[in-house]
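In our numbering, the protein residues as written are 254 to 774. C-beta: ideal position from N, C-alpha, C; glycine also.
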């Protein structure tokens, strides 16, 4: 009998939004599946991005609010530009209610660009609040077709101080009844925690912003995650900077070298994978050569990272971005993430928990769900949320037009209605199987068995617990039926490897599967 946890499935592109002619850099961030104005219509919020440094085009920061029209097409119902002539790439964006008045907000972090001295200290945080009357407008009407934010902040009072917040998490981490913005940054302090005492309805500037904590100067942190009262700023190489609220104040606790193998690029998601009441972190490895998905758990003062999926694909250079939800309504966590410079262009993956040990790769199903949505090579902005009101989530994504012509079309793509083989269950790829190795644990050798329905190319690779390749065991055409291969506990250089947990992954056609094994000495 053969069994595969890799589904042959597809999602329909149920919507697409094209960037305006001015927004040649495409989109820098998106939020979907919300109804902030309370009018009963689901919304998508998006901000543009600078990529080409085009004067009066992508250098000008713009924000858009979309709702569906009577024909089911997404239309701009509100938009504005900021009174800035320069911005940079990859702005953070979040849904907030920073003043607890029940009127929801979009908080946006336009990335500073000093414009050669023309913008020495631009605003770096802006807040647009809904008026609470069900209308589509946000912020303060300037009377000229643009809208001013209700609140804004430069973060610093110094000119030419390069501070680039990268990703926001919104949480009342200190328990004072007011949400903080917990931000990673790729330039400046790697971690910042700040708040405001008000978001004025009239936008009169009377609010007071407070930097509650900042640390890890010089760290390039492309991601941020919060578990309880612990904050993890994730640096590009995999180092994790930990800070905590200790009940009376914030403190920088530790630097965890290689705490998350490969780092993470706006991909970290906090979920309770198995519903046991304990939250975990899912991340997609960002660094080239560590393109794997890890489940990260707190263990005392440190983090334990378990590799749970690996695209194991020479077509994939890096994994980028991510969000989590339930895209098929079965109650299991779906983790959606993208890629950079893959072939075909812009591969998008879904990883779904199937039940069982949450650290075991065999408990998850990995599938490719889309590609080639536009000509850019970096699909990195994801938002998973219910856009149709059917209690299942849709996937909204876009990305950086890396490698694309300036005049090429840029899009937000919406995926929904997963099409699977029979009913709501994935179609099993018949005739494929990767069996558990034997013996296990083993020393010094173990046997791996796998089955394929026809002669075809097969790749089996072995990785250590950090997701680093140890050995390419098979990379050739194999005959139909059951096949066997032995591993002698040596790496690609012929050296014996250390005792510990290893993961072996198989790829054959569209089939992929991973399992764990333990070497004991």
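Roughly how far, in whole angstroms, is the beta-carbon of residue 289 from the beta-carbon of residue 348, given that I think they are within contact range, below 8 Å?
7 Å between Cβ atoms; contact.
Looking at C-beta atoms only, is the number of pairs between the region 593 to 601 and the region 610 to 619 that lie closer than 8 Å three or more?
Segments in contact, no.
One question on the structure: do residue 627 and residue 657 come within less than 9 Å of each other, judged by their Cβ atoms?
A contact, by the Cβ cut-off of 9 Å.
Taking the C-alpha atoms as reference points, what is the distance between residue 683 and residue 283?
Each residue's Cα considered, the two are about 38 Å apart.
Is the region 724 to 737 touching the region 695 to 708 in the sense that three or more CB pairs, one from each, lie closer than 8 Å?
Taking 8 Å as the limit for Cβ pairs, the verdict is that the region 724 to 737 does touch the region 695 to 708.
Please name the residue or residues paired with residue 504 in a DSSP beta bridge.
Per DSSP, 497.
Could you tell me the boundaries of the beta strand (DSSP E) in which residue 518 lies?
Taken as a continuous stretch (DSSP letters only), residue 518 belongs to no beta strand (DSSP E), as it is neither H nor E.
So what's residue 448 in DSSP terms, helix, strand or just coil?
Reduced to three states, the DSSP call for residue 448 is strand.
Report all residues from its chain with a CB closer than 8 Å to the CB of residue 497; omit the five preceding and five following residues, and keep chain order.
Closer than 8 Å at the Cβ level, and outside the excluded window around residue 497, lie 482, 483, 484, 503, 504, 506.
With respect to the beta strand (DSSP E) encompassing residue 433, which residues constitute its N-terminal and C-terminal limits?
433 to 440 is the span of the beta strand (DSSP E), which, as asked, contains residue 433.
Let me make sure I understand the geometry here. Which of 311, 491, 564, 320 has the alpha-carbon closest to that of residue 334?
Ranking 311, 491, 564, 320 by Cα distance to residue 334 puts 311 first.
Just the Cα atoms here: how many angstroms apart are residue 673 and residue 646?
Only weak support exists for where residue 673 lies, its pLDDT of 43 falling under 50; the coordinates are left without a value.
For the putative contact between residue 742 and residue 698, defined by C-beta atoms under 8 Å, what is the C-beta separation to the nearest angstrom?
The Cβ separation is near 7 Å, so the contact holds.
Below 6 Å CB to CB, which residues in the same chain sit around residue 401 once its five sequence neighbours on both sides are set aside?
Hits under 6 Å: 392, 393, 395, 456.
Under 8 Å, with one C-beta from each stretch per pair, do the region 326 to 333 and the region 354 to 361 reach the 3-pair mark?
The region 326 to 333, when compared against the region 354 to 361, does not touch it at the 8 Å Cβ threshold.
Per DSSP, which residues does residue 315 bridge with? Please list them.
BP columns for residue 315 point to 334.
Starting from residue 661, follow the beta strand (DSSP E) in both directions and report where the run begins and ends.
Careful: residue 661 lies outside any beta strand (DSSP E) and carries neither H nor E.
Relative to the C-alpha of residue 493, which candidate in 517, 299, 404, 501 has its C-alpha closest?
The option with the nearest alpha carbon to residue 493 is 517.
So, for residue 561: in the same chain, excluding its five sequence neighbours on each side, which residues have a beta-carbon less than 6 Å away from its beta-carbon?
Closer than 6 Å at the Cβ level, and outside the excluded window around residue 561, lie 546, 548, 614, 617.
For residue 278, count the other beta carbons within 10 Å of its own beta carbon; 16 or more makes it buried, fewer makes it exposed. Which is it?
Counting Cβ neighbours within 10 Å, residue 278 comes out buried, since at least 16 surround it.
Where does residue 213 land, buried or exposed, given buried means 16+ other C-beta within 10 angstroms?
Because the chain is modelled from 254 through 774, residue 213 falls outside the range shown and cannot be assessed.
Could you tell me which residues DSSP pairs with residue 559 in its beta bridges?
The partner list for residue 559 (beta bridge, DSSP) reads 548.
Look at residue 343 and residue 297 and say whether their C-beta atoms are less than 9 Å apart.
No.
With 16 as the cutoff for other CB atoms within 10 Å, does residue 308 come out buried or exposed?
Burial call: exposed.
Taking the C-alpha atoms as reference points, what is the distance between residue 605 and residue 409?
Rounded to the nearest angstrom, the two C-alpha atoms are 42 Å apart.
What whole-angstrom Cβ distance do residue 513 and residue 558 have, given they're in contact under 8 Å?
Sure, about 6 Å apart at Cβ, within 8 Å.
Can you tell me whether residue 591 is helix, strand or coil according to DSSP?
DSSP places residue 591 in strand when its eight states are reduced to three.
Out of 693, 767, 339, 269, state which residue places its alpha-carbon closest to the alpha-carbon of residue 713.
The shortest Cα separation from residue 713 among 693, 767, 339, 269 belongs to 767.
If you draw a straight line from the C-alpha of residue 718 to the C-alpha of residue 624, how long is it?
Straight-line Cα distance between these residues: approximately 29 Å.
Assuming residue 524 and residue 478 form a contact by the criterion Cβ under 8 Å, report the distance between their Cβ atoms to the nearest whole angstrom.
With a Cβ gap of about 11 Å, residue 524 and residue 478 do not count as contacting.
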